[in-house]
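Student: What follows is a single structure, and I will ask about it in a moment.
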Amino acid sequence: MNRTDDGFTGESTRSVHGGVERDKFAQSLIDPIAQTATYTFADLDEFSAFKAGEKSLYEYGRYGNPTQRAAERKIAALENAEAALLFSSGMSAITSVLYAMLRSGQHLVLMEDCYRMTAKFCEVLAKFGIESTLVKPGDMDGLAAAVRPQTRLIFTESPTNPHLHVLDLEQLVAFAKQRRLKVIIDSTLATPVNQRPLDFGVDLVIHSATKYLGGHNDLMAGAVCGKAPLVEAIGEYQRITGSIVDPNTSFLLIRGLKTLALRVLRQNDTASTVARFLAAHPKIGQVFYPGLESHVDHRVAKEQMRGFGGLISFEVNGTFEQTRDFVHRLAVPYIAPSLGGVETLVSHPATVSYYDLSQKERLAIGITDQLVRYAVGIEDAAELVGDLERALEEV
Ligand SMILES: Cc1ncc(COP(=O)(O)O)c(C=O)c1O
Numbered sequence: 494m495n496r497t498d499d500g501f502t503g504e505s506t507r508s509v510h511g512g513v514e515r516d517k518f519a520q521s522l523i524d525p526i527a528q529t530a531t532y533t534f535a536d537l538d539e540f541s542a543f544k545a546g547e548k549s550l551y552e553y554g555r556y557g558n559p560t561q562r563a564a565e566r567k568i569a570a571l572e573n574a575e576a577a578l579l580f581s582s583g584m585s586a587i588t589s590v591l592y593a594m595l596r597s598g599q600h601l602v603l604m605e606d607c608y609r610m611t612a613k614f615c616e617v618l619a620k621f622g623i624e625s626t627l628v629k630p631g632d633m634d635g636l637a638a639a640v641r642p643q644t645r646l647i648f649t650e651s652p653t654n655p656h657l658h659v660l661d662l663e664q665l666v667a668f669a670k671q672r673r674l675k676v677i678i679d680s681t682l683a684t685p686v687n688q689r690p691l692d693f694g695v696d697l698v699i700h701s702a703t704k705y706l707g708g709h710n711d712l713m714a715g716a717v718c719g720k721a722p723l724v725e726a727i728g729e730y731q732r733i734t735g736s737i738v739d740p741n742t743s744f745l746l747i748r749g750l751k752t753l754a755l756r757v758l759r760q761n762d763t764a765s766t767v768a769r770f771l772a773a774h775p776k777i778g779q780v781f782y783p784g785l786e787s788h789v790d791h792r793v794a795k796e797q798m799r800g801f802g803g804l805i806s807f808e809v810n811g812t813f814e815q816t817r818d819f820v821h822r823l824a825v826p827y828i829a830p831s832l833g834g835v836e837t838l839v840s841h842p843a844t845v846s847y848y849d850l851s852q853k854e855r856l857a858i859g860i861t862d863q864l865v866r867y868a869v870g871i872e873d874a875a876e877l878v879g880d881l882e883r884a885l886e887e888v
């Protein structure tokens, strides 16, 4: 959990070299997988010296692993963070942070249009006497009205999922500072290539590392980044609860992170091309992509982000059935509920993530029957556009 300040400024150089300790085990180029559940001590005096902070050693797998620490150093370097901590999934990062930072009687504000399970977890928190209020992203009056004397923190994604709202981080941090609230940003959709919320004074950044950080749809992990004392306090909680990432996953994550900029810069370009194609198509209604001038948060996104990301949501001009038919006719993407990997994935939120809500309940949160979520991978933009064009012709 050490700060790494390598001074690399190019996004790709940072992705490859950021946070990497050059001197590794057996002069290996790549960080090895330390596949061990426990660590050993020469004698009990060494253990005591370790506990007294006189020796820096590892103790037990649940308390940290060298491969995990290497991945954390890399993520901290990419996010300009003093410290980063990995978890077994994005949700375990979110639940651990909220459990560690809140206690009974306290309150949080959660921005709507977030990952559904984050909102569901706030319902779980109510069981422990922690209340939450949902506010529309960017609604500063609604936010001011939601804050109570018991409010401790504001939690939001930026960009949000699936409507890609971009929060004005400077404004949000100023608002929170005046009221002594912490700000936590789930920056999964942005990645540190497109946005570094800590540079705006945000307290914690969370990632579902399952998505862009891993980048290959082959691992589950979560990350928390911020100032060392806060991250260490969350780490103390993790040592007890045990929602840890394993050494093999950490290894895969390091491998994925090295191509983060390469992938994300490509995904930014491809998504912009796809979004512009969709926005101009007569069979498509609204397109939600912060890179489009028509997006409600385009101005903020342009000022705050270096790129607009790889996720696009859009509405097909048609019925529930016609929208599903369109999704079925796409040949390149897989139908799947994730995003951020090298394969393009497509989802129909009304059928997939929100299948258990009535149409009325879905409409209240903007999940129309016609909404499609399209997460670009690293395929050729022309091929993706051609595939979309053909599928739209057919419906
Ligand atoms: C924005 C966002 N945050 C958090 C999560 C949860 O992450 P995980 O699936 O790694 O638990 C997701 C998952 O889809 C997500 O999209």
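Numbers in our numbering are just positions in the sequence shown, counted from 1, shifted up by 493. Glycine residues also receive a C-beta, built at the ideal position from the N, C-alpha and C atoms.
Report the partner residues of residue 867 according to the DSSP bridge assignment.
Tutor: Residue mapping note: residue 867 aligns to position 374 of the sequence shown, counting from 1. Residue 867 is bridged to 805 and 839.
Student: If we call anything under 9 angstroms between Cβ atoms a contact, is residue 793 one with residue 684?
Tutor: Position 300 of the sequence shown, counting from 1, holds the residue named residue 793. Position 191 of the sequence shown, counting from 1, holds the residue named residue 684. No, the pair does not count as a contact, with Cβ atoms beyond the cut-off.
Student: Confirm the yes/no value for this check: CB of residue 853, any heavy atom of ligand 1, distance under 8 angstroms.
Tutor: Looking up residue 853 in the sequence shown gives position 360. Outside the cutoff, so no.
Student: Got a sec? Which residues, its chain only, sit under 6 angstroms from residue 770 by beta carbon, not counting five neighbours each side?
Tutor: Taking the sequence shown and counting its residues from 1, one reaches residue 770 at position 277. Here the set comprises 878.
Student: Going by Cα to Cα distance, which pick from 884, 629 and 646 is closest to residue 669?
Tutor: Counting from 1 along the sequence shown, the entry for residue 669 is found at position 176. Per the Cα distances, 646.
Student: If we ignore side chains and look at the alpha-carbon of each, how far apart do residue 714 and residue 549 end up?
Tutor: Here residue 714 refers to the residue found at position 221 of the sequence shown. Here residue 549 refers to the residue found at position 56 of the sequence shown. Their Cα atoms are separated by approximately 26 angstroms.
Student: Taking buried to mean at least 16 other C-beta atoms within 10 Å of its own C-beta, is residue 566 buried or exposed?
Tutor: Numbered from 1 along the sequence shown, position 73 holds the residue referred to as residue 566. With 16 or more other Cβ atoms within 10 Å, it is buried.
Student: Count the other C-beta atoms from every protein chain shown that fall within 10 angstroms of the C-beta of residue 840, then say buried if there are 16 or more, exposed otherwise.
Tutor: Translated into the one-based positions of the sequence shown, residue 840 becomes position 347. Answer is buried; the Cβ neighbour count reaches 16.
Student: In three-state terms, what does DSSP make of residue 780?
Tutor: Against the sequence shown, residue 780 aligns to sequence position 287. In this structure, residue 780 counts as strand in the three-state DSSP scheme.
Student: Hey, out of 643, 618, 568 and 641, whose CA is closest to residue 910's CA?
Tutor: Since the displayed the chain opens at 494 and closes at 888, residue 910 lies outside it and no answer follows.
Student: Tell me residue 794's beta-bridge partners as DSSP assigns them.
Tutor: On the sequence shown, position 301 is the one that residue 794 refers to. Its beta-bridge partners do not exist; DSSP assigns none.
Student: Less than 9 angstroms between the C-beta atoms of residue 784 and residue 576, yes or no?
Tutor: Against the sequence shown, residue 784 aligns to sequence position 291. Against the sequence shown, residue 576 aligns to sequence position 83. No, they are not a contact pair.
Student: Cα-Cα, which of 654, 619, 779 and 551 is closest to residue 846?
Tutor: As a working note, residue 846 is residue 353 in the sequence shown. It is 654.
Student: Could you say which of 677, 705, 686 and 868 lies nearest to residue 694 if we only look at CA atoms?
Tutor: Translated into the one-based positions of the sequence shown, residue 694 becomes position 201. Checked all of 677, 705, 686 and 868; the closest Cα to residue 694 is 677.
Student: On the three-state DSSP scale, how would you describe residue 492?
Tutor: Given that the chain is displayed from residue 494 to residue 888, the structure contains no residue 492 and the question cannot be resolved.
Student: Spatial neighbours of residue 595 within its chain, please: C-beta separation below 8 angstroms, excluding the five flanking residues on both sides.
Tutor: Numbered from 1 along the sequence shown, position 102 holds the residue referred to as residue 595. Contacts found: 601, 618, 623, 645 and 646.
Student: Residue 603 by DSSP, collapsed to three states: which one?
Tutor: Looking up residue 603 in the sequence shown gives position 110. DSSP places residue 603 in strand when its eight states are reduced to three.
Student: Check residue 510 in the structure and name its three-state DSSP category.
Tutor: Counting from 1 along the sequence shown, the entry for residue 510 is found at position 17. Helix, per DSSP.
Student: Strictly by DSSP, which residues pair up with residue 644?
Tutor: Numbered from 1 along the sequence shown, position 151 holds the residue referred to as residue 644. Answer is 600.
Student: Taking a contact to mean a Cβ-Cβ separation below 9 angstroms, would you say residue 710 touches residue 798 in this structure?
Tutor: One-based indexing of the sequence shown puts residue 710 at position 217. One-based indexing of the sequence shown puts residue 798 at position 305. Not in contact: residue 710 and residue 798 (Cβ atoms no closer than 9 angstroms).
Student: What is the residue span of the beta strand (DSSP E) that residue 577 lies within?
Tutor: Against the sequence shown, residue 577 aligns to sequence position 84. Per DSSP, residue 577 belongs to the beta strand (DSSP E) from 576-580.
Student: May I have the straight-line CA-CA distance separating residue 495 from residue 572, to the nearest angstrom?
Tutor: What you label residue 495 is simply residue 2 of the sequence shown in a count that begins at 1. What you label residue 572 is simply residue 79 of the sequence shown in a count that begins at 1. Note that residue 495 has pLDDT 38, beneath the 50 cutoff, so the model's placement of it is unreliable and the number below is only indicative. Each residue's alpha carbon lies about 13 angstroms from the other.
Student: Between residue 805 and ligand 1, is there a pair consisting of the residue's CB and a ligand heavy atom that are separated by less than 8 angstroms?
Tutor: Here residue 805 is taken as the residue at index 312 of the sequence shown, counted from 1. Answer for residue 805: no, Cβ out of range of ligand 1.
Student: Give the range of the beta strand (DSSP E) segment to which residue 588 is assigned.
Tutor: On the sequence shown, position 95 is the one that residue 588 refers to. From DSSP, residue 588 is part of no beta strand (DSSP E) but of the alpha helix (DSSP H) over 583-594.
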